[in-house]
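Right, one structure below, let's go through it.
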Amino acid sequence: MTNPSTLMKTWNLHAKKEMGQNFLTDRGTADKIVTRSGITTDDVVIEIGAGLGSLTLPLARSARKVYAIEKDHALLPPLNQELLTSGIENVIVINKNILALDIAAIARKEQQPLVVMGNIPYNISSQILVQLMMCRHHLKKAGLMFQKELALRVMAVPGSKAYGRLAVMAGYCSTVEVITEVKAACFFPKPKVDSLVIGIFFKDHAKPCATDESLLFKVVKASFSKRRKTLKNALSGPILQIDAATAARELVAVGIDPIRRAETLTVEEFVRLANRFYQEGYR
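Residue numbers for the sequence shown follow the working numbering, beginning at 101 and rising by one.
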């Protein structure tokens with residue numbers, strides 16, 4: 101693994117802030133992430149944001165195959181050179197935005213659930229998480245590096261300030277645990293905050309189960325769209341297209357006080373509410 105700083109100078113490249121580019125420089129940390137994520141020779145991995153190959157190389161040495169997804173075409177020549185120099189032959193580099201990637205198609209092609217790994221850009225981290233949760237039936241697990249603040253939001257519990265839409269969705273369809281912490285000094289350029297790598301282990305069947313998951317996620321989105329308002333007011337509006345009186349009636353019907361706020365509800369309560377909306381014909 102060539103130091104990213106050296107590679108950037110050699111290829112006359114500069115980190116692009118708008119893409120959230122911070123390259124992992126510590127080989128020991130990269131190896132630890134792969135080892136603690138439990139990557140095996142049976143796994144097919146999708147790596148989000150391959151960058152200059154810091155994580156790609158140890159992933160390729162552990163997995164059967166790696167699909168290295170990199171949006172920035174300027175990074176492809178040094179990335180491919182690193183793979184060639186290292187004698188890596190089981191990596192397929194794809195120049196694409198991860199949000200436009202058909203993950204399900206790759207899973208069908210490989211005929212097995214996939215593992216997703218990567219250092220996730222902060223500006224699209226929420227979108228990526230939602231994407232993975234929506235296609236989780238094609239996934240085995242994910243090992244994702246986030247800025248520490250966002251990782252803690254994913255793992256937050258009801259009643260805490262960090263608890264929100266991402267925590268509810270993650271709690272509904274997965275279990276989450278910390279893999280390792282990565283200090284800001286392990287990156288080039290050095291970010292302002294530390295990162296956490298979290299393991300997301302997708303459930304085969306969610307319990308309790310939402311009758312309509314798309315509706316569940318709409319209910320959750322609406323509930324947290326106005327965090328400071330009571331649930332009856334937060335749920336009213338364009339997302340669900342209901343008024344406050346209707347929201348209050350349906351909340352009472354499932355045993356939830358309409359004046360509670362979204363951050364106090366458990367995953368089970370959100371599922372119960374969404375199933376009630378489905379039963380009553382709200383879509």
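A virtual CB, placed ideally from N, CA and C, is assigned to each residue, including glycine.
Chain-order list of residues whose beta-carbon lies under 7 Å from that of residue i (same chain, five-residue window excluded)
i	result
A262	L252, R253 and A256
N197	K171
When the options are compared against residue i, the one with the closest alpha-carbon
i	options	result
L315	M217, N223, R383 and G149	R383
R265	F370, A174, L113 and H114	F370
T280	L175, S323, G243 and C309	G243
K329	L214, V319, I146 and R360	R360
H114	N375, D142, G151 and T140	G151
I298	F317, V276, V282 and Q341	V276
K303	L335, F246, M269 and V293	M269
S325	L340, D312 and G120	L340
I224	K117, P358 and E380	K117
I220	K209, I188, L232 and N112	L232
Start and end residues, alpha helix (DSSP H) containing residue i
i	result
T280	Run containing T280: none in the alpha helix (DSSP H); it sits in the beta strand (DSSP E), S274 to V282.
E189	Element bounds for E189: n/a, residue is neither H nor E.
I203	I203 to E210
For residue i, the first and last residue of its enclosing beta strand (DSSP E)
i	result
N223	It is not in any beta strand (DSSP E) - N223 carries neither H nor E in the DSSP assignment.
A242	L239 to Q247
V257	Unbroken run through V257: none, as it is neither H nor E.
A378	Residue identity check: residue 378 is Tyr in the sequence provided, not Ala. No beta strand (DSSP E) contains Y378, which is instead part of the alpha helix (DSSP H) from V367 to Q379.
T139	Correcting the residue type first, residue 139 is Ile in the shown sequence and not Thr. Element bounds for I139: n/a, residue is neither H nor E.
Neighbourhood of residue i by C-beta, 6 Å cutoff - its chain only, sequence neighbours within 5 removed
i	result
D126	C286
L155	A130
L157	M101 and S186
Expected contact under 8 Å - CB spacing of residue i and residue j to nearest Å
i	j	result
A174	I192	With a Cβ gap of about 19 Å, A174 and I192 do not count as contacting.
L335	I342	7 Å
E147	V166	6 Å
Validate contact between the segment 276-294 and the segment 302-309 using beta carbons, cut 8 Å, 3 pairs
Result no; under three Cβ-Cβ pairs closer than 8 Å.
Count Cβ pairs between the segment 201-219 and the segment 175-183 that sit closer than 8 Å; are there 3 or more?
Three or more Cβ pairs closer than 8 Å define a contact, and the segment 201-219 falls short of that threshold against the segment 175-183.
Measuring CB atoms only, is the segment 232-247 touching the segment 211-218, in the sense that at least three cross pairs come out at less than 8 Å?
Flag = yes, the segment 232-247 and the segment 211-218 touch.
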